[in-house]
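What follows is a single structure, written as structure tokens, with notes after it.
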Amino acid sequence: MHEIIPLFLDTEISEQEYYDGIIYFIYSSNIRSGEYECNQFVVKKMDHLNYIIFEEYVINNKREIHHSVSISKSELVKVINTFAENQGFVVRSYDRT
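As structure tokens, this is what we get:
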């Protein structure tokens, strides 16, 4: 697993509410592409199967991207849900139940 994924999980999946927002964004078929801005990282949906996770900084009013990783939807859902379950969170399905 790419070294950025554990840091992303530790930083962004720290509360049930944060997990819910991220997993809803990933599962949502109404969002075909776009970005979900977390606290330190951004999850970019390229299409319904491909994602890029990266750290984003604004330096001198310019957006800088550091340490990115591309990941499939199935792998991303798997690592997020495993981490959330280990944290004791309610793991959500695509219909947000």
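Residue numbers (my numbering): 133 to 229.
Ideal placement from N, C-alpha and C gives every residue a C-beta, glycine not left out.
Treat the numbers as computed from the prediction; the structure is a model and nothing was measured.
Give the range of the beta strand (DSSP E) segment to which residue i is assigned.
{"i": "I185", "result": "N182 to I191"}
Any idea what DSSP makes of residue i, helix, strand or coil?
{"i": "F157", "result": "helix"}
{"i": "E147", "result": "coil"}
{"i": "V222", "result": "coil"}
{"i": "S165", "result": "coil"}
{"i": "T229", "result": "Only weak support is given to the placement of T229: the predicted model assigns it a pLDDT of 45, under 50, and the value that follows is read from those uncertain coordinates. Of the three classes helix, strand and coil, the one that applies to T229 here is coil, per DSSP."}
Just tell me which of the options has its CA closest to the CA of residue i.
{"i": "L181", "options": "S160, V174, E188 and L139", "result": "S160"}
{"i": "G172", "options": "H198, F221, D179 and N218", "result": "Per the sequence shown, the amino acid found at residue 172 is Gln instead of Gly. Q172 has its Cα closest to that of H198, out of H198, F221, D179 and N218."}
{"i": "V209", "options": "H134, I158, G166 and I136", "result": "I158"}
In terms of residue numbering, what span does the alpha helix (DSSP H) encompassing residue i cover?
{"i": "F140", "result": "I136 to E144"}
For a quick check, are the C-beta atoms of residue i and residue j less than 8 Å apart?
{"i": "V211", "j": "E188", "result": "no"}
{"i": "I184", "j": "K194", "result": "no"}
{"i": "F215", "j": "S200", "result": "no"}
{"i": "D179", "j": "S165", "result": "yes"}
{"i": "I154", "j": "E167", "result": "no"}
At a cut-off of 7 Å, is residue i close to the ligand GDP when judged by its beta-carbon and the heavy atoms of the ligand?
{"i": "Y189", "result": "As far as ligands go, the structure on display features none, and thus does not contain the ligand GDP."}
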